[in-house]
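**Q** The structure under discussion is supplied below as structure tokens; questions concerning it will follow.
Chains as they are written, first to last, in our numbering: chain A, 1 to 483; chain B, 1 to 130.
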């Protein structure tokens, strides 16, 4: 039930109303609304109950194991929240002068330095406000680099077919033509196909490593050599950085531009449409094009903003002020809590947990998409056989998992693996939770064999049953209207 | 096993082509393709008058699972598009070879027809994909 449907004319929550009426004199009469907006009229208690009930219906990382592949749904430590909300940080005005912002700027400066060290990149800008904007920034810098050299023949970006959909979308947004190259059966990029599409028209390549199929690209250095020899640059999609944090660095692999999803690898809160942050890192040749502002440090130790003035070749600003500052602070605190050794343990446990689950799933008879490869922080199970022989598909398994109290893994991505489950447990889960998930999958497999209808009609225990997503997509109905 | 009428020609990318005579062909996606995609929710049609080369991306079919490009099976000029799909994309699921047609093409070079697959070879392609 929507809160609008509980509305009764004239019902008020007076205690929550402002104690002075707003002064509208400064707004010309023609711009003032004639009728009141269609806001719900409910009591304070109704509002509290409504939103509390909604929150109880949530599946979230704070309530459930959430192995959503490629999304790195790890625990968000409470310490990051409470420290980022210290009054001195929370109440700082974005227009406050540098002299009043040294603590805040010091945090951002140190975050830049830590991200540089852990990625091996030459420099970092924290400005982009999400992963997708980070991708856009990286590709825009590649374009700015070629343009600055007057190398206008470079019109193509190469993208493997396993890539996240945002990669080709980003390339098109930046005015490039997308050249897709195939992935081999073992999960690596097809080098021979890459050689065929490289040339003077190549602006760059966008790669995710570990890739979206959950394996570390064997030939990443060979790819870097080939692309650089052709005059192109390499873009690193940081989606899967959690697997190699502190163990291997994109800078050492030869990448020129990267983005980091702080809401994945650095454990800032996901979702709810809330703010993200997608800092970008660059090799030396792209440094002049980084987006502003960035924080620099004087010899005397004072921090100051780097703006267009100091960075004339910058691609510009992406966000008001200093990016999503609250998220950057949470990531900074997370990085400080972990330290260098902690980051290595993140990668080790993320990888160990994924490989443990993959091994157990395999023992239980599930088919892995890449059985001959060691998993990174995530792995793919293909339910192709179940779909074919039992007529129970990946979506049915996913829905039934909800009844068992597990958020479903990513389904039907990457597209090149049929009926796939992309499973990413992350480092923060206990062995009991990992085992519990595998046991639930085994139980669902037995149901699929003996009473398939139980699985194909799931979920049974949630507030809503299976949604008609086809109907929802065909007949979009997003706005409440008074009856 | 999905339906693959013998009188049609096919591409590896799962388009079907019907020769309407007088240099015009009708193009759609196959039964096998619609099965893989699942229920379609949106179709982006090419523009009438657009000039295409064989292999050009010229339309998009989107299901709840995935969005997929449709490629021009042959070179030529788009003469007609199936506007009914904008309101009723499910026609591709229900009847891919009739009401679910996507566009018509005035082909530039009739000899390109030789590059297309017959039903038997297309069936082999699908079997290899599995």
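Each residue gets a CB set at the ideal place from its N, CA and C atoms; glycine is no exception.
Remember, it's a predicted structure, so these values are computed and weren't measured experimentally.
1) Show which residues of chain A have a CB atom less than 8 Å away from the CB atom of residue 118(B).
2) Which residues in the same chain as residue 343(A) place their Cβ atom closer than 8 Å to its Cβ, once the five residues preceding and following it in sequence are excluded?
3) Determine the burial state of residue 1(A): buried for a count of at least 16 other Cβ atoms within 10 Å of its Cβ, exposed for fewer.
4) In the DSSP assignment, the beta strand (DSSP E) including residue 65(A) goes from what residue to what residue?
5) Enumerate in chain order the residues of its own chain whose CB-to-CB distance from residue 463(A) is below 7 Å, with the five nearest sequence positions on each side excluded.
6) Less than 8 Å between the beta carbons of residue 142(A) and residue 231(A), yes or no?
7) Take residue 264(A) as the anchor and find which of 420(A), 67(A), 11(A) has the nearest alpha-carbon.
8) In whole angstroms, what is the alpha-carbon distance linking residue 479(A) and residue 94(A)?
9) Taking the straight line between their C-alpha atoms, what separation do you get for residue 376(A) and residue 216(A)?
10) Along the beta strand (DSSP E) that carries residue 421(A), what are the first and last residues, could you check?
11) As a quick exercise: from 33(A), 257(A), 427(A), 345(A), pick the residue whose alpha carbon is nearest that of residue 120(A).
12) Let me know if residue 45(A) comes out buried or exposed under the rule of 16 or more other beta-carbons within 10 Å of its beta-carbon.
13) Check whether the Cβ of residue 290(A) lies closer than 8 Å to any Cβ atom in chain B.
14) Would you kindly report the start and end of the unbroken beta strand (DSSP E) that includes residue 392(A)?
15) Residue 163(A) touches chain B at which residues, Cβ-Cβ below 7 Å?
16) Quick check on residue 172(A) - is its C-beta less than 8 Å from some C-beta in chain B?
17) Nearest-angstrom Cα distance between residue 268(A) and residue 122(A)?
18) So if I threshold CB-CB distances at 9 Å, which residues from the stretch 28-39 of chain B count as touching chain A?
19) What number of angstroms, rounded off, separates the C-alpha of residue 368(A) from the C-alpha of residue 379(A)?
20) What does the alpha-carbon distance come out to for the pair residue 72(B) and residue 70(A)?
21) Is there contact here, the stretch 30-40 of chain A with the stretch 1-19 of chain A, by at least three beta-carbon pairs under 8 Å?
22) Strictly below 7 Å CB to CB, what residues from chain B border residue 470(A)?
23) Taking only beta-carbon atoms, is residue 169(A) less than 8 Å away from chain B?
24) Below 7 Å CB to CB, which residues in the same chain sit around residue 199(A) once its five sequence neighbours on both sides are set aside?
25) Of all the options 22(B), 41(B), 13(B), which has the alpha carbon lying nearest to the alpha carbon of residue 30(B)?
26) In angstroms, rounded to a whole number, what distance separates the CA positions of residue 251(A) and residue 234(A)?
27) Is residue 309(A) near the ligand FMN, judged by its Cβ being under 7 Å from some heavy atom?
28) On a CA-only basis, which of 403(A), 456(A), 328(A), 422(A) is nearest residue 80(A)? Give me that one, please.
29) Using a Cβ-Cβ cut-off of 8 Å (strictly less than) and excluding sequence neighbours within five positions of residue 60(B), which residues of its own chain qualify?
30) Of all the alpha helix (DSSP H) runs that stay within the bounds of the stretch 176-212 of chain A, which reach a length of 4 or more residues?
31) Runs of 3 residues minimum, wholly inside the stretch 334-369 of chain A: which ones carry the beta strand (DSSP E) assignment?
32) What residues in its chain sit with their C-beta under 8 Å from that of residue 444(A), if we drop five residues either side in the sequence?
33) For residue 421(A), is the classification buried or exposed, using 16 other Cβ atoms within 10 angstroms of its Cβ as the cut-off for buried?
34) Is the CB-CB distance between residue 105(B) and residue 48(B) below 8 Å?
35) Sort 213(A), 150(A), 129(A) by Cα distance to residue 412(A) and report the nearest one.
36) Can you give me the start and stop residues for the beta strand (DSSP E) that residue 77(B) sits inside?
**A** Taking the definition as stated:
1) Looking up residue 118(B) in the second chain gives position 118. Within chain A, no residue comes near residue 118(B); the closest Cβ sits about 25 Å away, beyond 8 Å.
2) The residue you call residue 343(A) lines up with position 343 of the first chain. Closer than 8 Å at Cβ, skipping near neighbours: 118, 245, 246, 335.
3) Position 1 of the first chain holds residue 1(A). Counting Cβ neighbours within 10 Å, residue 1(A) comes out exposed, since fewer than 16 surround it.
4) Translated into positions along the first chain, residue 65(A) becomes position 65. Note, residue 65(A): premise wrong, no beta strand (DSSP E); not H, not E.
5) Looking up residue 463(A) in the first chain gives position 463. Close CB contacts of residue 463(A) within its chain, under the 7 Å cut and outside five residues either way in sequence, are with 57 (chain order).
6) Residue 142(A) sits at position 142 when you count from the first residue of the first chain. Residue 231(A) sits at position 231 when you count from the first residue of the first chain. Taking 8 Å as the Cβ cut-off, residue 142(A) and residue 231(A) do not qualify as a contacting pair.
7) As a working note, residue 264(A) is residue 264 in the first chain. The option with the nearest alpha carbon to residue 264(A) is 67(A).
8) What you label residue 479(A) is simply residue 479 of the first chain in a count that begins at 1. What you label residue 94(A) is simply residue 94 of the first chain in a count that begins at 1. Answer to the nearest angstrom: the Cα atoms are 34 Å apart.
9) Residue mapping note: residue 376(A) aligns to position 376 of the first chain, counting from 1. Residue mapping note: residue 216(A) aligns to position 216 of the first chain, counting from 1. Here the alpha carbons of residue 216(A) and residue 376(A) stand approximately 7 Å from one another.
10) Position 421 of the first chain, counted from the first residue, corresponds to residue 421(A). 420-423 is the extent of the beta strand (DSSP E) around residue 421(A).
11) For the purposes of this step, residue 120(A) is identified with residue 120 of the first chain, where counting begins at 1. Of the listed residues, the one whose Cα sits closest to residue 120(A) is 257(A).
12) For the purposes of this step, residue 45(A) is taken as the residue at position 45 of the first chain. Flag for residue 45(A) reads exposed.
13) Stepping through the first chain from its first residue, residue 290(A) is reached at position 290. With a threshold of 8 Å between beta carbons, residue 290(A) makes no contact with chain B.
14) For the purposes of this step, residue 392(A) is taken as residue 392 along the first chain, with counting starting at 1. That residue, residue 392(A), is in no beta strand (DSSP E); it is neither H nor E in DSSP.
15) Taking the first chain and counting its residues from 1, the one referred to as residue 163(A) is at position 163. Here the premise fails: no neighbours, minimum Cβ distance about 14 Å.
16) Position 172 of the first chain, counted from the start, is the residue given in the question as residue 172(A). Not closer than 8 Å to any Cβ of chain B, the Cβ of residue 172(A) fails to qualify, so no.
17) Residue 268(A) sits at position 268 when you count from the first residue of the first chain. Residue 122(A) sits at position 122 when you count from the first residue of the first chain. Their backbone Cα atoms lie some 24 Å apart in a straight line.
18) So the close ones are 36, 38, 39.
19) Mapped onto the first chain, residue 368(A) falls at position 368. Mapped onto the first chain, residue 379(A) falls at position 379. Answer to the nearest angstrom: the Cα atoms are 8 Å apart.
20) For this step, residue 72(B) is matched to residue 72 along the second chain. For this step, residue 70(A) is matched to residue 70 along the first chain. Distance between the alpha carbons of residue 72(B) and residue 70(A) is about 33 Å.
21) With the cut-off at 8 Å, the stretch 30-40 of chain A and the stretch 1-19 of chain A touch.
22) By one-based count along the first chain, residue 470(A) stands at place 470. Correct list: 39, 41, 64.
23) Indexing the first chain from 1 puts residue 169(A) at position 169. Residue 169(A) does not count as touching chain B.
24) For the purposes of this step, residue 199(A) is identified with residue 199 of the first chain, where counting begins at 1. Closer than 7 Å at the Cβ level, and outside the excluded window around residue 199(A), lie 230.
25) In the second chain, residue 30(B) corresponds to position 30, counting from 1. Comparing alpha-carbon positions, the option among 22(B), 41(B), 13(B) lying closest to residue 30(B) turns out to be 13(B).
26) Mapped onto the first chain, residue 251(A) falls at position 251. Mapped onto the first chain, residue 234(A) falls at position 234. Those two C-alpha atoms are separated by around 10 Å.
27) As far as ligands go, the structure on display features none, and thus does not contain the ligand FMN.
28) For the purposes of this step, residue 80(A) is identified with residue 80 of the first chain, where counting begins at 1. Nearest option by C-alpha distance: 328(A).
29) As a working mapping, residue 60(B) is identified with position 60 in the second chain. In its chain, beyond the 5 residues on either side, 42, 43, 44, 67, 68, 69, 70 have a beta carbon closer than 8 Å to the beta carbon of residue 60(B).
30) Within the stretch 176-212 of chain A, the alpha helix (DSSP H) runs of at least 4 residues that lie entirely inside it are, in chain order, 191-197.
31) Within the stretch 334-369 of chain A, not a single complete beta strand (DSSP E) segment reaches 3 residues in length.
32) As a position in the first chain, residue 444(A) is number 444, starting the count at 1. Beyond the five residues adjoining it in sequence on each side, residue 444(A) comes within less than 8 Å, by CB distance, of 397, 400, 401, 404, 455 in the same chain, given in chain order.
33) For this step, residue 421(A) is matched to residue 421 along the first chain. Classification of residue 421(A): buried, given that the 10 Å Cβ count is 16 or more.
34) Taking the second chain and counting its residues from 1, the one referred to as residue 105(B) is at position 105. Taking the second chain and counting its residues from 1, the one referred to as residue 48(B) is at position 48. Inclusion of residue 105(B) and residue 48(B) in the CB contact set at 8 Å is not warranted, their separation being larger than that value.
35) Residue 412(A) sits at position 412 when you count from the first residue of the first chain. For residue 412(A), the nearest C-alpha among the options comes from 213(A).
36) Sequence index remark: in the second chain, residue 77(B) carries index 77 (1-based). Residues 76-81.
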